[in-house]
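All you need for the numbering used here is the position in the sequence shown, starting with 1, plus 105.
Note that CB positions come from ideal geometry on N, CA and C, so glycine has one too.
Since the model is a prediction, treat every value here as computed from it, not as a measurement.
Below: the structure, in structure tokens.
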Amino acid sequence: MLVDTHAHLQWASFDKDREKVISRARKAGVEHIVNIGFDLEGSRKAVELAEKYNGLYATVGIHPHNANQLNQNVLDELRKLSENPKVVAIGEIGLDYYRNFSPRESQKKAFEYQLFLAEELKLPVVIHNREAQTDSLKILSKFERKMEGIMHCFSGNIEMAEWCVKSNFFISFAGPVTFPNSHELRRIAKWTDLNKILLETDSPWLAPQNKRGKRNEPAFLLFIAKKIAEIKGIFVDELAEATTENAREVFQLP
Ligand SMILES: [Zn+2]
Ligand SMILES: [Zn+2]
106 MLVDTHAHLQ WASFDKDREK VISRARKAGV EHIVNIGFDL EGSRKAVELA EKYNGLYATV
166 GIHPHNANQL NQNVLDELRK LSENPKVVAI GEIGLDYYRN FSPRESQKKA FEYQLFLAEE
226 LKLPVVIHNR EAQTDSLKIL SKFERKMEGI MHCFSGNIEM AEWCVKSNFF ISFAGPVTFP
286 NSHELRRIAK WTDLNKILLE TDSPWLAPQN KRGKRNEPAF LLFIAKKIAE IKGIFVDELA
346 EATTENAREV FQLP
């Protein structure tokens, strides 16, 4: 059994065949899928899906790309949505200095406001960090002692991995760990203790190497699991068991 800790099945590219995608995931052993909010509408849809399907959960939050959208009303809406028992975290939130779709100052503000929200609600956080490691860690360090979370689609260096290990943060690996050039990422996967690892697809993006260029879906999580098991020299069952336990712990899944 596997848990896809980060997918976006609410995305329009799944509108035509969402049911089939979910049943393929189940057949592939992916029994739980956490759909991650990226804006208010996406958060609402993630919650709707979680209400509709067994094994689906949701997070609510405003992605750094959409940081400009965050205001008091939106924060209140996120707070309301989080009352649903299937909302398991605040996210994805963070900083993205690669695309810079929102100005950096508003990204930082949105990040901090949502960290305060997570603290208030006692929910873990799903962090998106791209080429913003220094600022991400600076902001997170103010909260780390009272917070649990996930560094999703990990792309940082060993220092960031060490920070995750000493804080209550899990390191989540996605499709890039299967890409030929991802030597550093595989080194970090090998180094990271099993009890700190999570698996995710980030569907519909970042399909693993053998599906590269295609729409990604939770059923492809097995390719990522196989790669990490290979890197660590363990059986995929052992990796599945450990990462499922980690996902249960952080999201408090049944
Ligand atoms: Zn992300
Ligand atoms: Zn995502």
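- Taking a 10 Å sphere around the C-beta of Phe274, we find 16 or more other C-beta atoms and assign the residue as buried.
- Shown here, Leu303 sits in a strand according to DSSP, grouped into three states.
- Listed in chain order, the beta strand (DSSP E) elements of length 3 or more contained wholly in the region 257 to 287 are 274 to 278.
- In this structure, ligand 2 has a non-hydrogen atom nearer than 6 Å to the beta-carbon of Asp307.
- Ser277 and Arg292 have their C-alpha atoms spaced approximately 14 Å apart.
- Where Ala194 is concerned, the enclosing beta strand (DSSP E) starts and stops at Val192 to Asp201.
- His233 has its CB nearer than 6 Å to a heavy atom of ligand 1.
- In this structure, Arg129 is the residue among Asp144, Arg129, Glu146 and Leu145 with its C-alpha nearest to the C-alpha of Ile138.
- Taking the Cβ atoms as the reference, Gln219 lies roughly 6 Å from Gly166, within the contact range of under 8 Å.
- The continuous stretches of beta strand (DSSP E) do not include Asp240, which lies in the alpha helix (DSSP H) extending over residues Gln238 to Ser246.
- Cβ neighbours of His233 within its own chain (closer than 8 Å, five residues either side excluded): His168, Pro169, Gly196, Glu197, Ile198, Gly199, Leu200, Asp201, His257 and Cys258.
- Secondary structure at Glu350: helix, using DSSP grouped into helix, strand and coil.
- Put simply, the backbone Cα of Tyr162 is about 21 Å away from that of Leu311.
- Residue state for Ala151 is assigned as helix, using DSSP reduced to three classes.
- Taken through DSSP and simplified to helix, strand or coil, His170 comes out as helix.
- Cβ neighbours of Pro313 within its own chain (closer than 7 Å, five residues either side excluded): Gly280, Thr283, Phe325, Phe328 and Ile329.
- Taking non-hydrogen atoms of ligand 1 into account, the C-beta of Glu197 is found less than 6 Å away from one of them.
- Assignment of Ile336 by DSSP, reduced to helix, strand and coil, places it in the helix class.
- If you look at Tyr218, you'll find it in the alpha helix (DSSP H) that goes Arg209 to Leu226.
- Cβ contact annotation for Gln115 (same chain, cutoff 7 Å, sequence separation greater than five): Asn140, Gly147, Lys150, Ala151 and Leu154, in chain order.
- Per the DSSP secondary-structure output, Asn234 pairs in a beta bridge with Leu200.
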